[in-house]
Amino acid sequence: MEEKYLQKQQEYTFTVPRAEGQKVYHFGARRFKLLAGAVLVCTVCMVGALGYMGYNFYQFRQERTDFLEYQAKKGELEAQLQSLLADNEKMLRDMSEITTLETKLRRALIRDTDSTKLGSDLSSASGETATAGNAPRYLGQGGPADLGVKEMAAVLTAQNKNMAQQIDEKKTSMSELLSELEGRNNKRSVFPDLWPTKGGTISSPYGGRTGPIGGGYDWHPGVDIAVEFGEPVYASAMGTIEVAGWNGGYGRYVRIDHGNGYETAYGHMSGIAVAPGQSVRKGEIIGFVGSSGYSTGPHVHFEVFVDGQNVDPMYMLKIGQRLNK
21 MEEKYLQKQQ
31 EYTFTVPRAE
41 GQKVYHFGAR
51 RFKLLAGAVL
61 VCTVCMVGAL
71 GYMGYNFYQF
81 RQERTDFLEY
91 QAKKGELEAQ
101 LQSLLADNEK
111 MLRDMSEITT
121 LETKLRRALI
131 RDTDSTKLGS
141 DLSSASGETA
151 TAGNAPRYLG
161 QGGPADLGVK
171 EMAAVLTAQN
181 KNMAQQIDEK
191 KTSMSELLSE
201 LEGRNNKRSV
211 FPDLWPTKGG
221 TISSPYGGRT
231 GPIGGGYDWH
241 PGVDIAVEFG
251 EPVYASAMGT
261 IEVAGWNGGY
271 GRYVRIDHGN
281 GYETAYGHMS
291 GIAVAPGQSV
301 RKGEIIGFVG
311 SSGYSTGPHV
321 HFEVFVDGQN
331 VDPMYMLKIG
341 QRLNK
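21 is the number of the first residue of the sequence shown in this note's numbering; add one for each residue after it.
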């Protein structure tokens, strides 16, 4: 039994050669210890290798996760960029349409403004090439910069925000222009500048004249328009009928209150088509040409009042012609 154990525990002798004349080293090691050392070395190497592989695998997974996150963020940015580009294109179309409408409104106001004011009030609305006098508020600029997705998204976000502000401002401007145009249209609708008949000849102007019956000096507070008997007589502006009936020398007579201090009167008609209190539109038939009252033949006597005072109807008609150009 002892012999077997000693055989198992036999030693191995190792010799380390040295230079000539020097002592030679000899050392021994039991077989078990050699095997244990070999196993230990292999184990350490395997653990190291497994650790290295595990570290590399972890690094790979981390890099893969980072790459997938980058791809996801890139996809989100690209989707955001596409959305911003779509918004940008829509805003550009909206801006173009709003600018066109704004220009049309301004041109409509220009046509509706006295020519003496065109050079001062609305000169910037001509729609011509921008100069120092009608330069746009926002001066767009650009360049050939090569931007990444993130930078481009930031640029488009700022640009869209800027255009949204411009669109809001233009909407406000258009609302103001529409209000002004509606106000002017309302004023124009009550301004007595429509000729009360279709055609005709002025047989007696406004002012001093020789009386048509009996001679002598006579003050004529309106104009007489000679037209064929029975032709329609039209309201010179929108308003409310104040008087409709017989009025002494005026014969069959209509008086209209247009508001804003304007009134008109029509005399010597053969028939009346309206009644007191009735609202009439500009150009609506109110009666028919005749020769009733103090008259020598078919015509309509036309008067205009401003704040209760007679004015020359031709003056008002000329203003209307100038505004309608």
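Ideal placement from N, C-alpha and C gives every residue a C-beta, glycine not left out.
Item: Runs of beta strand (DSSP E) lying entirely within the segment 264-345, each at least 3 residues, in chain order; Value: 272-279, 282-292, 305-309, 320-326, 329-331
Item: Cutoff 7 Å; reference Lys137; Cβ partners in own chain excluding five residues on either side; Value: A caution first: Lys137 carries a pLDDT of 43, below 50, which makes its placement in the model too unreliable to give a value.
Item: Residue range of the unbroken beta strand (DSSP E) whose run includes Ser223; Value: 221-224
Item: Residue(s) in a DSSP beta bridge with Val253; Value: Gly307
Item: Span separating the alpha-carbon of Tyr237 from that of Tyr254; Value: 30 Å
Item: Coil, strand or helix - Ser209 by DSSP; Value: helix
Item: Beta strand (DSSP E) segment containing Val247, residue limits; Value: Taken as a continuous stretch (DSSP letters only), Val247 belongs to no beta strand (DSSP E), as it is neither H nor E.
Item: Beta-carbon proximity list for Tyr314, same chain, < 6 Å, skipping 5 on both sides; Value: Gly269
Item: Lys17 versus Gln179 - alpha carbon distance; Value: Lying before the first or after the last residue shown, residue 17 is absent from the chain, which here runs from 21 to 345.
Item: For Ile276 and Val300, believed in contact at Cβ under 8 Å, the rounded distance; Value: 7 Å
Item: When Gly242, Glu89, Gly310 are compared against Glu292, the one with the closest alpha-carbon; Value: The amino acid at residue 292 is misidentified as Glu; the sequence shows Ile. Per the Cα distances, Gly310.
Item: First through last residue of the beta strand (DSSP E) which encompasses Trp239; Value: 237-240
Item: Supposed close pair Leu104, Leu214 - CB separation, criterion 8 Å; Value: Contact flag wrong, Cβ pair sits at about 54 Å.
Item: Span separating the alpha-carbon of Met183 from that of Val210; Value: 40 Å
Item: Rounded separation between Asp114 and Arg127 - CA only; Value: 20 Å
Item: Reduced DSSP secondary structure (H/G/I, E/B, other) of Thr260; Value: strand
Item: CB of Met289 within 7 Å of CB of Gly307, strictly; Value: yes
Item: CB contact flag (Glu122, Lys181, <7 Å); Value: no
Item: Sub-7 Å separation of Ser223 and His319 beta-carbons; Value: yes
Item: C-beta atoms of Gly281 and Asp332 nearer than 7 Å; Value: no
Item: Residues that DSSP places opposite Gly228 in a beta bridge; Value: Trp239
Item: Cβ distance (whole Å) where Phe325 is taken to contact Val243 below 8 Å; Value: At roughly 14 Å, the Cβ-Cβ gap does not stay under 8 Å, so Phe325 and Val243 are not in contact.
Item: Where Thr217 sits in the DSSP three-state scheme; Value: coil
Item: Among Ala69, Gln91, Glu248, Ile187, nearest to Ile118 - alpha-carbon criterion; Value: Ile187
Item: Contacts around Tyr273, its chain only, beta-carbon distance under 6 Å, and the 5 residues preceding and following it disregarded; Value: Asn267, Gly287
Item: Candidates Gly259, Phe87, Lys218: closest to Arg208 by CA position; Value: Gly259
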